Amino acid sequence: MTGRMFIRIFSPSLAARTWLVSISRKQIRPLRTLLKSRSQISLAVCTGEDGNISFRVSENEVLCTPTMHCKGFLKPDDIATVDMTGKQIAGRKPRSSEVMLHLEIYKQRADVKSICHCHPPHATAFAVAREPIPQCVLPEVEIFLGDVPIAKYETPGGQAFADTILPFVSKSNVILLANHGVVSYGESVERAYWWTEVLDAYCRILLLSRQLGGGKHVSEAKERELLALKQEWGYADPRNTEEFKNCDVCANDVFRESWKEAGVERRAFDLPAHSNAAANADQEALIQTITE
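Taking my numbering, the leading residue of the sequence shown gets 772, the next gets one more, and so forth.
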């Protein structure tokens, strides 16, 4: 059994029947490492029984965490296996109730191998307030995340909930879920989790800087330098495509059209002074003042 790990697990749908699932060590190690770590608990991104993690092992098989279990104390044989319809095909514990969200992302993104969903407090605060994530503030966030969309609210668990990410999944690797939390995804378990970690740290910095009088934005010229580096380093960003080549790179232009349906509105954080959108907003406010 060199290079292979055999896990004995039981299918609830087939009662006493035993499934022997063979998973390569390369596939299971990152999931096992993440689940056994305490990093998510200590960072309070996954409290109690919150959140779920999945890993795609084949075209029609996905490993996922079970429902109603603390993610910091799971063992490898606690993991459930589902097919791409959401049917549990193996595992002694019931699969996550939100697995349909994961499966929809896998269906839309063939490059994605792992998905992390949780409720990190600082990022989730933006999701609850439905406040767009400011751009042109931190270089690392511009390189790794870009414009972060906010999907409209839907009751968690069903296909309608899973469908809320459809307008955004091809253009971003992390999505805020209104009044709910965050879902992020990538080519490995670590990478999927990193995007959430980066986002929550950024949201915390934004909130702290606001207490100091507010953060400052980088200029549009400097932002375009970052976008050029992003493209050079192989990170996709809609702002580097033909569709958004003339957009306001600091004004959340990529996902702005979705704001009305999701109830997203800028309240707490101002646009950069150099932004075209900021100038237009000032002009509209002046016109309204004059005409009232």
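Heads up, the beta-carbon is just placed ideally off N, CA and C, and yes, glycines get one too.
Quick caveat: nothing in here was measured; it's all calculated off a predicted structure.
Identity of the residues DSSP links to residue i by a beta bridge
i: Ser829; result: Glu832
i: Cys889; result: Val953
i: Thr852; result: Leu834 and Ala861
i: Arg866; result: Pro837
i: Asn823; result: His888
i: Ala1039; result: DSSP output for Ala1039 lists no bridge partner at all.
Inter-residue spacing [alpha-carbon to alpha-carbon] between residue i and residue j
i: His873; j: Lys923; result: 17 Å
i: Leu1000; j: Gly917; result: 13 Å
i: Glu996; j: Lys884; result: 30 Å
i: Glu830; j: Gln982; result: 48 Å
i: Ala851; j: Tyr964; result: 19 Å
i: Ser795; j: Trp966; result: Low confidence applies to Ser795: its pLDDT is 44, below 50, so where it sits in the model is not reliable, and the reading given next is rough at best. If I take the Cα positions, the gap works out to 25 Å.
i: Met855; j: Glu925; result: 21 Å
i: Gly952; j: His840; result: 18 Å
i: Ile860; j: Leu834; result: 10 Å
i: Thr935; j: Ser980; result: 31 Å
i: Val908; j: Leu845; result: 37 Å
i: Arg827; j: Asn1047; result: 42 Å
i: Ser990; j: His1045; result: 7 Å
i: Gly822; j: Lys1016; result: 36 Å
i: Gly1005; j: Glu961; result: 18 Å
Beta-carbon proximity of residue i to residue j, cut-off 8 Å
i: His893; j: Val954; result: no
i: Pro938; j: Ser1029; result: yes
i: Val912; j: Tyr973; result: yes
i: Pro891; j: Asp971; result: yes
i: Lys864; j: Pro847; result: no
Cβ-Cβ separation, residue j to residue i (assumed contact under 8 Å), whole Å
i: Tyr956; j: Ile904; result: The Cβ separation is near 17 Å, so there is no contact.
i: Arg1010; j: Val1025; result: 7 Å
Uninterrupted alpha helix (DSSP H) stretches inside the segment 934–1002 (no shorter than 4 residues): 960–982
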